[in-house]
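Peer 1:
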Amino acid sequence: MNLNLKPAEECRYDAVSLGEIMLRLDPGEGRIRTAREFKAWEGGGEYNVVRGLHKCFGLKTGVITAFADNEVGKLLRDLIEQGGVDTDLICWKKTDGIGRVCRNGLNFTERGFGIRGAVGCSDRANTAISKATPEDFDFDYIFGKLGVRWLHTGGIYAALSEQSCETVIAACKTAKKYGTLISYDLNYRPSMWSAIGGLEKAREVNREVAKYVDVMIGNEEDFTACLGFEIEGNDANLKELNLDGYYKMIAEAAKQYPNFKAIATTLRTVKTATVNDWKAICWADGNVYMSKAFDNLEILDRVGGGDSFASGLIYGLMTTGDPELAVNYGAAHGALAMTTPGDTSMASKEEVESIIKNGSARVKR
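Numbers 0 to 364, taken from numbering that gives the first Met the number 0, label the letters of the sequence shown in order.
(1) Buried or exposed: where does Pro6 fall if 16 or more other Cβ atoms within 10 Å of its Cβ makes it buried?
(2) May I ask you to verify whether the stretch 128 to 148 touches the stretch 170 to 180, counting CB pairs closer than 8 Å and requiring at least 3?
(3) Which residues in the same chain have their Cβ closer than 7 Å to the Cβ of Phe368, if we skip the five residues on either side of it in sequence?
(4) Alpha carbon to alpha carbon, what distance is there between Ala261 and Val269?
(5) Measure from the alpha carbon of Leu22 to the alpha carbon of each residue in Phe37, Leu105, Lys73, Thr33, then state which is nearest.
(6) Let's see if you can read the secondary structure: which residues bound the alpha helix (DSSP H) around Leu71?
(7) By the three-class DSSP mapping on this structure, what secondary structure does Met0 have?
(8) When the Cβ atoms of the stretch 31 to 40 are set against those of the stretch 312 to 329, are three or more pairs found closer than 8 Å?
(9) CB-CB under 6 Å to Phe138, same chain, minus the five flanking residues each way: which ones, in chain order?
(10) With a threshold of 7 Å (Cβ to nearest heavy atom), would Leu185 be considered close to the ligand SAH?
(11) Hey, Glu297 and Val274 are a contact pair by Cβ (cut 8 Å); roughly how many whole angstroms apart?
(12) Should Asn327 go down as buried or exposed, given a rule of 16 or more other Cβ atoms within 10 Å for buried?
(13) What does a CB cutoff of less than 6 Å around Asp221 pick up in its chain, not counting 5 residues either side in sequence?
(14) Which whole-angstrom value is the C-beta distance of Glu45 and Leu75, which I expect to be below 8 Å?
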């Protein structure tokens, strides 16, 4: 599989993300509604991917985002810097004392356990990045002068506002002009699109973005809602996934978007909040590759599992060009990420490769 990646020596960054980064407030084993203290993490669907690419896989990464210039924004920057991701591309926006002009997003998330599912409660309206326009970022400088081998962005960011729809399209167009590869996670959230045009707007924006994408990531609902593809004969609750139907859907997507070099998705069966079956598939060059299956995977915190899948997949594609190995990097990294708290991965590349090679969970001394 030939991706035609730009040479690393010509680029400041191996990968950058474009999207919102929120402060996650985690009540640990308790509930949001009864918590008296929270642990603070940083997290965001697009950011989590480049954070994993750096922290786990050692690539040079940065974030394109915007923060309100206040103490919470500085806390978020500090958290990002602790993960080793470059913060030079952040746009800092002036705000008033109460967040009327713009603010930084908060995400309260409890992990769930057994029969009690995970719960998220976002507080992200009027954030700095949702108000950012293409003019807030010099994309020609980022992709043309500095150089970026890979851009990752997604549908969560696109759904934030009319401005973010315009910004994601502008970024993808400019990245493509300079030969940067683009991955996009559809990540459809109906509640987020409802305020700016609902399903019709989601399809309009995502179909435009799809024209520039090299690696498209998404589950069945994502492809159905965002791009209009259906899986024939599939169980509505995904209790029994019709893989033949899924393969046909992917083939149709590849036919309509010949620019797609790869299409990938995770396949999750939720038994309880803490026990899932987990695997992934990747289409490339007319073939479909299935990862190793993680049946009865025990989960501590499921948030960010899909993002860690994306970072493992991207790393595998960038470094090996082998879609079968790449989808296994993704599935293993996603599985490991869900064994630790927080949105971002705490895994190492050695752990990921050990899992791929059927490594055990025996204690290492």
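Cβ atoms here follow ideal geometry from the backbone N, Cα and C, with glycine treated the same way.
Peer 2: Per the coordinate set shown:
(1) exposed
(2) Counting C-beta pairs closer than 8 Å gives three or more between the stretch 128 to 148 and the stretch 170 to 180, which meets the contact rule.
(3) This structure cannot speak to residue 368, because the chain is shown only from 0 to 364.
(4) 26 Å
(5) Leu105
(6) Looking at the sequence provided, one finds Val at residue 71 rather than Leu. It spans 70 to 81 - the alpha helix (DSSP H) in which Val71 sits, taken as one unbroken run.
(7) coil
(8) With fewer than three CB-CB distances shorter than 8 Å, the stretch 31 to 40 does not count as touching the stretch 312 to 329.
(9) Once the five neighbours on either side are set aside, the close Cβ partners of Phe138 are Ala170, Thr173.
(10) In terms of ligand content, the structure shown is empty, and the ligand SAH therefore cannot be addressed.
(11) 6 Å
(12) buried
(13) Leu185, Tyr187
(14) That pair is no contact at about 14 Å.
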